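What follows is a single structure, written as structure tokens, with notes after it.
Number of protein chains: 2
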Amino acid sequence: MDAPTAAAKRLKEAGLRPTRFRERTLEALWATDAALSHKDLVSRLPDLDRVTIFRCIKQLRKSSLLHKVRGTDGVSRFVANRTSGSSCPGNHPHFFCLSCGALTCLEGLRLPHLELPTGFEVRGKQFLVEGICPGCAQGRATAAGPDEKETSS
Amino acid sequence: MDAPTAAAKRLKEAGLRPTRFRERTLEALWATDAALSHKDLVSRLPDLDRVTIFRCIKQLRKSSLLHKVRGTDGVSRFVANRTSGSSCPGNHPHFFCLSCGALTCLEGLRLPHLELPTGFEVRGKQFLVEGICPGCAQGRATAAGPDEKETSS
DNA sequence: GATGGTAATGCAACTGAGTTGCATTACCGC
DNA sequence: GCGGTAATGCAACTCAGTTGCATTACCATC
């Protein structure tokens, strides 16, 4: 009665022991579109030790099951790599909402090319856009809306 | 015998009290092209309290005399804004050297434009390129090269 | 030049992210 | 079922950054 979870399958594919804790960590990440911080994970998995979660993240990252993004607040957040094969950790920009703190992958977009001066050997790129996400922008508009001139432009 | 330092002048222009400590902090930042971490500043200004340096940085940042950049290691680094008027803190990409940890402003380059999906309200952008800086790349090349062509060009 | 208010500094203690060491427990092949 | 190895839990630690409070320096005013 194993009922081999999708998470368990993913873990096995990656060569990791599919323990219940790893499955749950992975599932917690799969359950959301936003990037979760370590703190978020701790609150979603209250019966797991925080150190275990750190170590779990590290393993998953090493196996390219998730990638790390840092918000402008300096806190690392983690996003599961959906597609099993292509786990390119940094091939898309990220958006950090200054209002709700959510960090989302802009997976539809490609990282723009940058022509560096000669001598620089590029290993990776990170493009972080900060601002207000659609959800918060809408919330603000409706909240401010009633009597104030609601045309936000 | 004030000998009003350039740093003191800059501080006054920005509306800050030109104390000796602030002058020295600013001068330490001016003395290098790379971005300095708080730790770097502490080691360059050993007789200053670390908290004072944190507060000094915060003041200078508020007055747009420097801008903050975070390396992929998550540590904040600070760069003085040379030009007095245009203190745009994030209008150029940064390069983080994985070998020596130096973080340099690529001031000659412009941030590439990114077309976001509708609904996102952009407030700022950060483009961080990581890799090996020219200095380290050369050091490695010479270290690896048997004959050590010492022509530094 | 003395004086006083305010801002700046120094010190101690704290928070929060992330790590390390070590003992214990669970997983998996046999 | 059994044993080795990997995973987990706990405690303690490092390091960046912050806060509170007492003390000191700066600057304007007299």
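Sequence lines, in order, name chains S and H.
Position in the first sequence (first residue = 1) + 23 = the numbering used here.
Position in the second sequence (first residue = 1) + 23 = the numbering used here.
Glycine residues also receive a C-beta, built at the ideal position from the N, C-alpha and C atoms.
Because the structure is a prediction, the values reported are computed rather than measured.
- Item | Chain-ordered chain H contacts of S/Ala160 [CB-CB under 7 Å] | What S/Ala160 touches in chain H: Gly142, Glu144.
- Task: Tell whether a beta-carbon distance below 8 Å holds between S/Arg45 and S/Cys79.
- Result: The answer is yes: Cβ separation under 8 Å.
- What's the C-alpha gap between S/Leu88 and S/Arg67? So the two alpha carbons sit approximately 19 Å from each other.
- Query: Is the distance from the Cβ of S/Gly94 to the Cβ of S/Phe77 below 8 Å?
  - Reply: Taking 8 Å as the cut-off, the Cβ atoms of S/Gly94 and S/Phe77 do not count as close.
- Does the beta carbon of S/Lys148 come closer than 8 Å to any beta carbon on chain H? It does: the Cβ of S/Lys148 has a partner Cβ on chain H nearer than 8 Å.
- Determine the DSSP secondary structure at S/Cys79, reduced to helix, strand or coil. The DSSP-derived three-state label of S/Cys79 is helix.
- Task: Go ahead and pull the three-state DSSP assignment for H/Phe44.
- Result: Three-state DSSP puts H/Phe44 in a helix.
- Item | Near-chain S residues of the segment 122-139 of chain H (beta-carbon distance less than 8 Å), N- to C-terminal order | Shown in chain order are the members of the segment 122-139 of chain H whose Cβ falls below 8 Å from a Cβ of chain S: Leu129, Gly131, Leu132, Pro135, His136, Leu137, Glu138, Leu139.
- Is it the case that the Cβ atoms of H/Val92 and H/His117 are separated by a distance below 8 Å? Yes; because the gap between Cβ atoms is below 8 Å, this pair is in contact.
- So what does DSSP say about S/Gly158, is it helix, strand or coil? Note: S/Gly158 maps to helix in three-state DSSP.
- Measure the Cβ-Cβ separation of S/Arg137 and H/Phe143 and say whether it is below 8 Å. In the sequence as presented, Arg is not what sits at residue 137 of chain S; that position holds Leu. Not closer than 8 Å, so no.
- Which residues in the same chain have their Cβ closer than 7 Å to the Cβ of S/Leu64, if we skip the five residues on either side of it in sequence? Excluding its 5 nearest sequence neighbours in each direction, S/Leu64 has C-beta neighbours in its own chain below 7 Å: Thr48, Ala51, Ile76, listed in chain order.
- Using the Cα positions of H/Ala29 and H/Pro140, report the straight-line distance between them to the nearest angstrom. Distance between the alpha carbons of H/Ala29 and H/Pro140 is about 45 Å.
- Put H/Glu138 into one of helix, strand or coil per three-state DSSP. H/Glu138 falls in the coil class under three-state DSSP.
- Query: Buried or exposed: S/Val152, going by 16 or more other Cβ atoms within 10 Å of its Cβ?
  - Reply: S/Val152 comes out buried.
- So with Cβ pairs under 8 Å, would you call S/Cys79 a contact of chain H? For S/Cys79, the answer is no, since every Cβ of chain H falls outside 8 Å of its Cβ.
- Task: Give the interface partners of H/Val152 over in chain S, defined as CB-CB distance under 9 Å, in chain order.
- Result: Per Cβ cutoff of 9 Å: Leu137, Leu139, Phe143, Val145, Arg146, Gly147, Lys148, Gln149.
- Rounded distance between the beta-carbons of H/Arg84 and S/Leu121, thought under 8 Å: Your pair S/Leu121 and H/Arg84 does not check out as a contact, with CB atoms roughly 17 Å apart and the cut at 8 Å.
- Query: What is the residue span of the alpha helix (DSSP H) that H/Val65 lies within?
  - Reply: Looking at the DSSP string, the run of the alpha helix (DSSP H) that includes H/Val65 is 61-67.
- Proximity test, Cβ basis, 8 Å: H/Gly38 and chain S: Taking Cβ atoms only, chain S never reaches closer than 8 Å to H/Gly38, which makes this a no.
- Message: Run through chain S and tell me which residues come within less than 8 Å of H/Ile155, C-beta to C-beta.
- Response: Chain S residues near H/Ile155: Phe143, Glu144, Arg146.
- Nonlocal neighbours in the same chain, by C-beta distance under 8 Å from H/Leu129, ignoring five residues either side: Sequence-distant Cβ neighbours of H/Leu129 in its own chain, meaning closer than 8 Å and more than five residues away, are His115, Pro116, His117, Phe118, Val152.
- Task: Please list, in chain order, all residues of the same chain as H/Ser175 whose beta carbon is under 7 Å from its beta carbon, the five residues on each side excluded.
- Result: The pLDDT assigned to H/Ser175 is 39, lower than 50, so where the model puts this residue is not dependable; a value taken from the coordinates is nonetheless given after this. Cβ neighbours of H/Ser175 beyond the five flanking positions: none.
- Item | Chain-ordered neighbours of H/Leu93 on chain S, where CB pairs are closer than 8 Å | In the sequence under discussion, the amino acid at residue 93 of chain H is Arg, which differs from the Leu named in the question. Neighbours of H/Arg93 on chain S, chain order: Arg93, Thr95, Gly97.
- Message: If I follow the unbroken alpha helix (DSSP H) through H/Leu34, where does it start and stop?
- Response: Per DSSP, H/Leu34 belongs to the alpha helix (DSSP H) from 29-36.
- Query: Using the C-alpha atoms, what's the distance from S/Leu39 back to H/Thr55?
  - Reply: If you take the alpha carbons of H/Thr55 and S/Leu39, they lie about 46 Å apart.
- In whole angstroms, what separates the C-alpha of H/Cys123 from that of H/Cys159? For the pair H/Cys123 and H/Cys159, the Cα-to-Cα distance works out to about 7 Å.
- Which term fits S/Arg73, buried or exposed, when burial requires 16 or more other beta carbons within 10 angstroms of its beta carbon? The residue is exposed, with fewer than 16 neighbouring Cβ atoms inside 10 Å.
- Message: Taking 7 Å as the limit between beta carbons, can you name the residues of its chain near H/Asn104, skipping five residues before and five after?
- Response: The residues Ser87, Leu88, Leu89, His90, Ser110, in chain order, have a CB closer than 7 Å to that of H/Asn104 in the same chain once the five nearest residues on each side in sequence are set aside.
- Pick from H/Ala31, H/Ala37, H/Lys81: whose alpha carbon is nearest that of H/Arg43? Comparing Cα positions, the closest option is H/Ala31.
- Task: Give me the Cβ distance between S/Ala57 and S/Thr127, rounded to the nearest whole Å; I'm assuming they're in contact under 8 Å.
- Result: Yes, they are in contact, since the Cβ atoms of S/Ala57 and S/Thr127 sit about 5 Å apart, within 8 Å.
- Query: Measuring CA to CA, which of H/Gly131, H/Leu134, H/Ala125 is closest to H/Cys156?
  - Reply: Looking from the CA of H/Cys156, the closest CA among H/Gly131, H/Leu134, H/Ala125 belongs to H/Ala125.
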